[in-house]
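Beneath this line is the structure, given in structure tokens, with notes to follow.
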Amino acid sequence: MASLESKAMNLSDLALGFHLPDVDLGSLDYRELIHSKSDWSVVAGIILACREGNFEFLKDVHKVMQRNDGYLLWSACINIVGYAGTWESVVNLSQHLSANGGEAENAHFIAVLFGTSCDLRAVDKLLHIYMTTKELDTLNQIRADLSSLLEPTNGEVFDGIDDDGDGDDMPSRDGRERYSQVVRKRRDAVLATLPDSRPPVFEGQIYSVIATARRLLEQIEAEPEYGERFFRGKMIFEAATGTDCSGFFDELGRLRRIQASAVLEGFFDREDLNKYQVGQRYFFNYPIPS
Numbered sequence: 018m019a020s021l022e023s024k025a026m027n028l029s030d031l032a033l034g035f036h037l038p039d040v041d042l043g044s045l046d047y048r049e050l051i052h053s054k055s056d057w058s059v060v061a062g063i064i065l066a067c068r069e070g071n072f073e074f075l076k077d078v079h080k081v082m083q084r085n086d087g088y089l090l091w092s093a094c095i096n097i098v099g100y101a102g103t104w105e106s107v108v109n110l111s112q113h114l115s116a117n118g119g120e121a122e123n124a125h126f127i128a129v130l131f132g133t134s135c136d137l138r139a140v141d142k143l144l145h146i147y148m149t150t151k152e153l154d155t156l157n158q159i160r161a162d163l164s165s166l167l168e169p170t171n172g173e174v175f176d177g178i179d180d181d182g183d184g185d186d187m188p189s190r191d192g193r194e195r196y197s198q199v200v201r202k203r204r205d206a207v208l209a210t211l212p213d214s215r216p217p218v219f220e221g222q223i224y225s226v227i228a229t230a231r232r233l234l235e236q237i238e239a240e241p242e243y244g245e246r247f248f249r250g251k252m253i254f255e256a257a258t259g260t261d262c263s264g265f266f267d268e269l270g271r272l273r274r275i276q277a278s279a280v281l282e283g284f285f286d287r288e289d290l291n292k293y294q295v296g297q298r299y300f301f302n303y304p305i306p307s
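Residues in the sequence shown are numbered consecutively from 18, following the working numbering.
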């Protein structure tokens, strides 16, 4: 425990992924971390438990968030539930956030939570927040979340429409309604391509670890800059495969193209890629229950 507590300042990196640059979480015991007096150590313990296929502690994430309202800690909590949890886990945490602090106060985090779920049921949840929030940053976040869910590239869902808040002014009620219609139409189009089992989706297609990794590599090779879409794909890839992506970015948040490409190319050199089934979400190679 002491080795981790002594590096407590570095634990905030868990807001950006599920590995730490300077600490091998896998060498620690999540049973000890879960009972630490440090909230960051508890979060690290929950992440480590999920990395080992034990998802039972996800139900306790809201307790950590009630004790500590730090932005980075909340981001780490949202990420572990969103990327490792079931739809029920996501909904339960959103309800806790709405009950403690209010939906309006926590709208940004609730939006990110639903945005990471890879579930089309998130569309109506996100649009509800879109219709009610008074924060322009939250509106922009929701558009990015909906786009990552419904579009293969940034399109009309990401860009929005006239009078939907692209500038410095809040959109009108009519503008929000028209945007919601655009999103629902796109959602219905994606839904029409899915089997009755309603599998998870990402970028308008059935969720696929292999396809996500391939698109990440293509983006690195083709685009001069990365954005929200690339980061979301990176998080899905890291969460699903357990691949350490902590070296993708430098201290200033700039993409290290050579290092990131090497990690992804190394992934495609593996001989066990056929274990990743299309339509199945994973966390560190453990299937997440549907």
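Each residue gets a CB set at the ideal place from its N, CA and C atoms; glycine is no exception.
Note that the structure is a prediction, hence the values are computed from the model and not measured.
Alpha-carbon to alpha-carbon, residue j and residue i
{"i": "Lys24", "j": "Arg215", "result": "Legend: pLDDT at Lys24 = 49, less than 50; position of this residue unreliable, value from coordinates given subsequently. Those two C-alpha atoms are separated by around 42 Å."}
{"i": "Arg68", "j": "Leu137", "result": "25 Å"}
{"i": "Asp30", "j": "Gly270", "result": "12 Å"}
{"i": "Gly182", "j": "Leu156", "result": "Any reading at Gly182 needs caution, since the residue's pLDDT is 49, under 50, leaving its predicted position unreliable; the model's value is listed next. Approximately 7 Å, taken between the alpha carbons."}
{"i": "Phe284", "j": "Leu233", "result": "12 Å"}
{"i": "Thr149", "j": "Phe266", "result": "35 Å"}
{"i": "Gly99", "j": "Phe126", "result": "11 Å"}
{"i": "Pro38", "j": "Ser278", "result": "18 Å"}
{"i": "Gly221", "j": "Ser111", "result": "24 Å"}
{"i": "Asp141", "j": "Leu153", "result": "19 Å"}
{"i": "Ala121", "j": "Leu163", "result": "19 Å"}
{"i": "Arg195", "j": "Ser106", "result": "31 Å"}
{"i": "Gln297", "j": "Lys54", "result": "36 Å"}
{"i": "Gln276", "j": "Leu42", "result": "21 Å"}
Chain-order list of residues whose beta-carbon lies under 6 Å from that of residue i (same chain, five-residue window excluded)
{"i": "Thr170", "result": "none"}
{"i": "His13", "result": "Outside the shown range of the chain, which is 18 to 307, sits residue 13, and nothing can be said about it."}
{"i": "Asp289", "result": "none"}
{"i": "Thr103", "result": "Pro306"}
{"i": "Gln236", "result": "Phe247"}
{"i": "Ile95", "result": "Phe126, Val129 and Leu130"}
Member of the options whose CA lies at the smallest distance from the CA of residue i
{"i": "Arg203", "options": "Gly172, Glu120 and Leu28", "result": "Gly172"}
{"i": "Leu1", "options": "Val174, Leu281 and Val78", "result": "There is simply no residue 1 to check, as the chain begins at 18 and stops at 307 in what is shown."}
{"i": "Leu28", "options": "Glu49, Leu89 and Val81", "result": "Leu89"}
{"i": "Arg327", "options": "Asn71, Gly221, Ala32 and Asp162", "result": "Residue 327 cannot be examined here, being either before or after the span of the chain that is shown, 18 to 307."}
{"i": "Ile227", "options": "Arg195, Gly87, Ala239 and Tyr299", "result": "Tyr299"}
{"i": "Ala124", "options": "Tyr147, Thr133 and Val107", "result": "Tyr147"}
{"i": "Gln158", "options": "Gly132, Ile178, Glu268 and Ser111", "result": "Gly132"}
{"i": "Gly192", "options": "Asp205, Leu163 and Ile178", "result": "Ile178"}
{"i": "Ala209", "options": "Ala61, Glu238 and Leu167", "result": "Leu167"}
{"i": "Tyr8", "options": "Ala257, Arg195, Glu194 and Asp205", "result": "Within the shown structure, residues of the chain are numbered from 18 to 307, placing residue 8 beyond reach of any answer."}
{"i": "Phe301", "options": "Ser165, Gly259 and Asp46", "result": "Gly259"}
{"i": "Lys76", "options": "Ala61, His113, Glu120 and Gly87", "result": "His113"}
{"i": "Ser165", "options": "Gln276, Arg249 and Leu42", "result": "Arg249"}
Same chain only: Cβ atoms within 7 Å of residue i, ignoring 5 sequence neighbours per side
{"i": "Gln74", "result": "For the record, residue 74 in the displayed sequence is Phe; it is not Gln. Hits under 7 Å: Ile51, Ile63 and Ala66."}
{"i": "Arg84", "result": "Asp56"}
{"i": "Leu144", "result": "Ser197 and Val200"}
{"i": "Tyr303", "result": "Gly70"}
{"i": "Ala161", "result": "Phe175 and Glu245"}
{"i": "Lys251", "result": "Leu233, Cys262 and Phe265"}
{"i": "Leu272", "result": "Tyr243, Phe265 and Phe266"}
{"i": "Gly91", "result": "Residue identity check: residue 91 is Trp in the sequence provided, not Gly. Taken in chain order, the residues that qualify are Met82 and Phe126."}
Environment of residue i [buried if 16+ CB atoms lie within 10 Å]
{"i": "Ser44", "result": "exposed"}
{"i": "Glu282", "result": "exposed"}
{"i": "Ala139", "result": "buried"}
{"i": "Asn291", "result": "exposed"}
{"i": "Pro309", "result": "Residue 309 lies beyond the range of the chain shown here (18 to 307); nothing can be said about it."}
{"i": "Asn117", "result": "exposed"}
{"i": "Val295", "result": "exposed"}
{"i": "Lys80", "result": "exposed"}
{"i": "Gly34", "result": "buried"}
{"i": "Arg287", "result": "exposed"}
{"i": "Ile97", "result": "buried"}
Inter-residue CB distance, residue i and residue j (contact presumed, cutoff 8 Å)
{"i": "Cys135", "j": "Val218", "result": "6 Å"}
{"i": "Ala239", "j": "Phe254", "result": "Not quite, the Cβ-Cβ distance comes to about 17 Å (not below 8 Å), so this is no contact."}
{"i": "Ala93", "j": "Ala32", "result": "5 Å"}
8 Å Cβ shell around residue i - same chain, five flanking residues per side excluded
{"i": "Ser115", "result": "Asn123 and Ile127"}
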